[in-house]
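As structure tokens, the structure follows; a few thoughts come after it.
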Amino acid sequence: MRSRRRLLSLATALAMTATAVLAAVTGDVRPAVAAPVTVTNGTQFTDTDGNALHAQGGGVLKVGSYYYWFGENRHPDNRFRADATFRQVARLADPSWSSFQSYNFPDRYVRHDNYVLRIDPISTDTGRSDATFRRTS
6 MRSRRRLLSL ATALAMTATA VLAAVTGDVR PAVAAPVTVT NGTQFTDTDG NALHAQGGGV
66 LKVGSYYYWF GENRHPDNRF RADATFRQVA RLADPSWSSF QSYNFPDRYV RHDNYVLRID
126 PISTDTGRSD ATFRRTS
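Going by the working numbering, the first residue of the sequence shown is number 6, and it counts up by one from there.
Structure representation (structure tokens):
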């Protein structure tokens, strides 16, 4: 369920970015209308629906003369932090190397596949080999 929400969140962000780029390219850009706001340091920013904005891990996309603020979606229960945490464990394929296991999904490991890093369940010899890394200094 969590990965589905993350995929929907990513799909929404990509769709918004594509829409903004398309609007800038086609010239269909209208000025935003907003009331003046006083920004006070140390307070929680919220979006137009009252949801908390998390600027860490975020960024700003400029399209024409407009700026779009985007970022990660953190949860009060630290689910995001745990989902992004891996523990170094005994190797899966070579005794002198290491593997990295997901904290929240212990059946999943960081692995490489065709020059791309992935997070997958490992059940084959090829998967164990792909999920075993040599640490360097």
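Note that CB positions come from ideal geometry on N, CA and C, so glycine has one too.
- H117 and R139 have their C-alpha atoms spaced approximately 13 Å apart.
- With respect to the 8 Å criterion, S103 and R113 are not classified as neighbours on the basis of their beta carbons.
- Cβ-Cβ separation between A57 and T48: approximately 11 Å, too far for a contact (criterion under 8 Å).
- By the 16-neighbour rule on beta-carbons within 10 angstroms, S70 is exposed.
- Put simply, the backbone Cα of D130 is about 43 Å away from that of V65.
- T90 has its alpha-carbon roughly 17 Å from the corresponding atom of I127.
- Look at T131 here: in three-state DSSP terms it is helix.
- The beta-carbon separation of N109 and D88, rounded to 5 Å, stays under the 8 Å limit for a contact.
- In the three-state reduction of the DSSP assignment, D118 falls in the strand class, which pools E and B.
- Q106 is positioned such that its CB atom lies no closer than 8 Å to that of V121.
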